[in-house]
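Quick note: the sequence shown uses full-length UniProt numbering, first residue 1, plus one each step. Everything on this sheet refers to the single structure shown next.
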Amino acid sequence: MSTLPHEASTSFHQSIVEFNPFAVLVLSKDGQIREVNHAASEMFGYARAEFPMNDYMDIVVPEHRDTVRRHLDTLTEGTPSIYEARAYHKNGAQLDIHVTTIPLVKEGDMYDVFCLIQDITESIKERAAQEEREERLKAVFHSTSAAMFILDLGGQVADINTAFEETYGWKREEMIGKPLPIIPQAFAKGHQEQVEQGRRGECCQGYETIGLKKDGTCIEVSSSFSPLRNEKGEIIGIVGMTKDISVQKKLERSWKESEERYRKLVELSPEGIMVHREGEVLYANLSAMNYSKENNPEGVSLYSFIPEKDHEMIRQRVQELKEGKVLPYMAIEVTRRDGETIFIDTNSISITHDDQPAILTMFRDITQRSKVEAALKESEKRYRMLADNSLDLIQLVQLDGIVTYASPSHQTVLGYDPSEYVGKGVFYQPDGEVDDAFREVFMNMAITQRPFSCEIHRQHQLGYDVWVELIGTPMFDEEGGFTNMMLVGREITERKKYEEHLEHLSYHDPLTELPNRRLFNALLEQALLEAKRSKRLLGVMYIDLDGFKQINDNFGHDAGDELLRQLAQRVKPCLRDIDRVARMGGDEFVIALPELESNSEAAGIAEEILLSLQQPWLVMDHAFTTTSSIGIAYYQEGDKLQTLLKKADTALYQAKLEGKNTYRIYS
């Protein structure tokens with residue numbers, strides 16, 4: 001690769017860095033940040049003067065550091081490297097960054113690394129959002145009940161949905177890349193005109209034509225065509241949708257035929273229709289005659305149609321109709337002319353017939369419906385059995401909030417007999433706890449009649465925690481009336497434990513189980529606020545193991561990892577209960593020492609740690625001794641977190657310079 005001209009001035013170099021519109025970091029060969037420009041300070045949230053000029057890896061999230069190191073290692077070969085990683089903002093947030101690293105070479109030797117950084121956080125979010133939108137559209141396309149297809153601009157099939165396969169019989173793999181086969185030749189011209197409209201950016205709705213199934217049968221369909229556009233608004237295909245309207249068209253033809261027979265509508269009605277006055281039948285249609293013992297029931301008694309046991313009830317209803325009352329439908333049992341006993345649903349209204357008051361009675365055979373209702377009750381019984389044997393928690397709740405049913409699974413999941421809940425309010429808990437969050441979502445469902453889902457915490461009768469994923473569903477009758485509510489809960493205790501474990505991992509170093517940099521910074525920020533408020537002494541201590549690299553080189557990284565684990569365990573007993581130790585990376589540890597009585601107290605802790613870490617180590621059958629170095633800094637008025645850490649780091653560096661195996665206090 002080319003090198004910087006020997007005569008390149010310092011000002012030229014500084015201009016490239018300072019006035020670059022992108023964030024620029026200049027690193028030393030060993031990864032220390034040497035220069036940053038204004039754009040970098042803004043990107044990472046620092047004022048220019050407070051940007052942490054230390055190890056580049058400190059701003060890289062731990063899980064990406066190995067990747068970054070690999071890319072930096074390639075620079076020694078004189079090859080630029082481009083990679084994506086995640087880094088910390090000053091406020092603790094994480095940024096997705098795109099980094100171009102270029103080795104700066106002079107006379108064949110790399111002396112610095114030029115890093116050009118772009119913040120791609122929003123790009124990645126947008127990419128994820130775009131993928132999510134595409135997945136949602138794809139899900140809608142494949143789950144909709146309408147038969148849909150997509151054509152490319154050449155008229156070839158690009159995709160079809162499940163409803164299309166079910167409607168026409170072709171499978172997706174048979175269709176892709178081929179002309180649409182559902183248009184009979186006689187209707188091809190009209191179809192092509194609709195496709196051309198789509199290519200021109202026009203929409204076509206409700207175009208009625210004939211669709212051809214794979215088995216050769218034809219159906220009547222209503223088609224719609226729309227242009228399919230990409231993100232730039234360019235037309236890239238045609239979206240088509242067809243709806244089988246064969247039944248609808250058949251009904252329309254039937255309605256036209258019915259209009260021609262309008263005058264016979266009443267006579268041919270499947271419902272029995274009668275007009276009667278003072279118990280005498282004045283008119284009966286053909287359906288009503290099937291219920292009469294007479295060939296022509298006109299002039300006979302109404303009560304000849306009705307079992308004697310119901311006569312008095314019918315007389316009472318007739319009297320109420322005369323008084324102007326509106327009566328509900330009534331089901332009674334009658335015997336048809338052929339001797340079969342059936343159930344009919346009947347209702348009556350007052351009318352005027354031949355200029356005199358009369359009563360119009362309509363009835364229909366509901367024998368089949370009665371059988372269905374009986375079957376429904378049996379079905380409900382079976383569903384009750386399923387609910388009783390379900391592992392999920394199931395409750396039925398009245399509109400007044402009273403639980404009418406609780407599944408036996410309450411005993412298994414929560415340790416309480418279902419009867420403990422039945423007859424009580426839905427917010428009742430046997431242990432007396434109050435769940436305000438559940439109360440809020442339940443009341444919202446009761447008011448809006450919309451379902452909800454949430455996670456709730458309950459306590460088992462034996463005292464341990466139980467987590468439940470709960471779905472609330474409003475229930476409606478056939479007329480759409482809001483009748484009651486159903487709660488179905490599934491135990492997710494193990495899932496919650498796993499989620500809590502993941503949360504723990506995000507704030508702790510997986511190797512030592514100590515707080516990581518993210519958690520420690522939050523703890524130290526709190527300690528800084530408390531020190532400022534209380535005027536108590538706050539110290540920060542950096543610990544670095546002397547010669548750790550040689551241990552890694554001699555015994556391997558596994559031994560190095562085990563040494564760090566043991567080191568963490570040795571340090572803990574040297575600390576007070578209120579002290580907090582964290583691993584910042586590598587063999588570097590940091591300790592927050594709040595509420596110190598004096599400077600000597602921190603020094604005493606440091607001496608105890610140094611002594612502890614001098615004791616022999618036994619790591620994977622390797623016995624050896626080590627020393628360590630410690631830097632201590634105390635909070636002073638106006639110090640910020642990074643300032644205090646930088647002071648402690650400087651003191652650590654001084655301890656290293658002065659022979660190691662000691663501690664130094666920043667002054």
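All C-beta atoms, glycine included, are put in the ideal place defined by N, C-alpha and C.
- Within the model, the alpha-carbon separation for residue 507 versus residue 517 is close to 8 Å.
- DSSP places residue 646 in the helix class (H, G or I) of the three-state scheme.
- A Cβ-Cβ contact shorter than 9 Å links residue 491 with residue 469.
- For residue 352, the enclosing beta strand (DSSP E) covers residues 341–353.
- In this structure, the beta-carbon distance from residue 137 to residue 240 does not fall below 9 Å.
- In the structure shown, residue 410 falls within a helical segment according to DSSP collapsed to helix, strand and coil.
- Per the coordinates, the alpha-carbon of residue 33 lies some 5 Å from the alpha-carbon of residue 27.
- Of all alpha-carbon atoms in 40, 298, 278, the one lying nearest the alpha-carbon of residue 284 is that of 298.
- Ranking 626, 651, 643 by CA distance to the CA of residue 603 puts 651 first.
- Put simply, the segment 582–601 touches the segment 535–543. At least three CB pairs are less than 8 Å apart.
- Exclusion of the five residues before and after residue 658 leaves 664 as the residues of its chain whose Cβ lies within less than 8 Å of its Cβ.
- Residue environment analysis places residue 115 among the buried positions, since at least 16 neighbouring C-beta atoms fall within 10 angstroms of its C-beta.
- Secondary-structure assignment with DSSP links residue 318 through no beta bridge to anything.
- Residue 661 and residue 589 have their C-alpha atoms some 15 Å from each other.
- Fully enclosed alpha helix (DSSP H) runs of no fewer than 4 residues occupy 38–44, 62–74 of the segment 34–110, in order along the chain.
- Less than 9 Å divides the Cβ of residue 208 from the Cβ of residue 222.
- Fully enclosed alpha helix (DSSP H) runs of no fewer than 4 residues occupy 548–555, 557–571, 599–614, 641–657 of the UniProt domain "GGDEF" (536–667), in order along the chain.
- Per DSSP, reduced to three states, the secondary structure at residue 467 is strand.
- C-alpha of residue 279 to C-alpha of residue 342: approximately 22 Å in a straight line.
- The three-state reading of DSSP puts residue 418 in helix, counting H, G and I together.
- Each residue's CA atom was taken as its position, placing residue 600 and residue 105 some 49 Å apart.
- When the beta-carbon positions are compared, residue 635 and residue 531 come within less than 9 Å of each other.
- Residue 218 has its alpha-carbon roughly 14 Å from the corresponding atom of residue 250.
- A buried status is given to residue 362, since no fewer than 16 other beta-carbon atoms sit within 10 Å of its beta-carbon.
- The Cβ atoms of residue 512 and residue 575 do not sit closer than 9 Å to each other.
- At least 9 Å separates the beta-carbon of residue 192 from that of residue 178.
- In the DSSP annotation of this structure, residue 243 is not part of any alpha helix (DSSP H); the continuous beta strand (DSSP E) holding it starts and ends at 235–244.
- Residue state for residue 145 is assigned as coil, using DSSP reduced to three classes.
- Here DSSP, grouped into helix, strand and coil, assigns residue 444 to helix.
- By the neighbour-count criterion, in which a residue is buried when 16 or more other Cβ atoms sit within 10 angstroms of its Cβ, residue 348 is buried.
- Assignment of residue 310 by DSSP, reduced to helix, strand and coil, places it in the helix class.
- Here residue 79 is exposed: its Cβ has fewer than 16 other Cβ atoms, across all protein chains shown, within 10 Å.
- Within the same chain, and ignoring the five residues on either side of residue 51 in sequence, the residues whose Cβ sits closer than 6 Å to its Cβ are 36, 41.
- Here residue 449 carries a coil assignment [DSSP, helix/strand/coil].
- DSSP places residue 391 in no alpha helix (DSSP H); its state is neither H nor E.
- Between residue 628 and residue 645, the CB-CB gap reaches or exceeds 9 Å.
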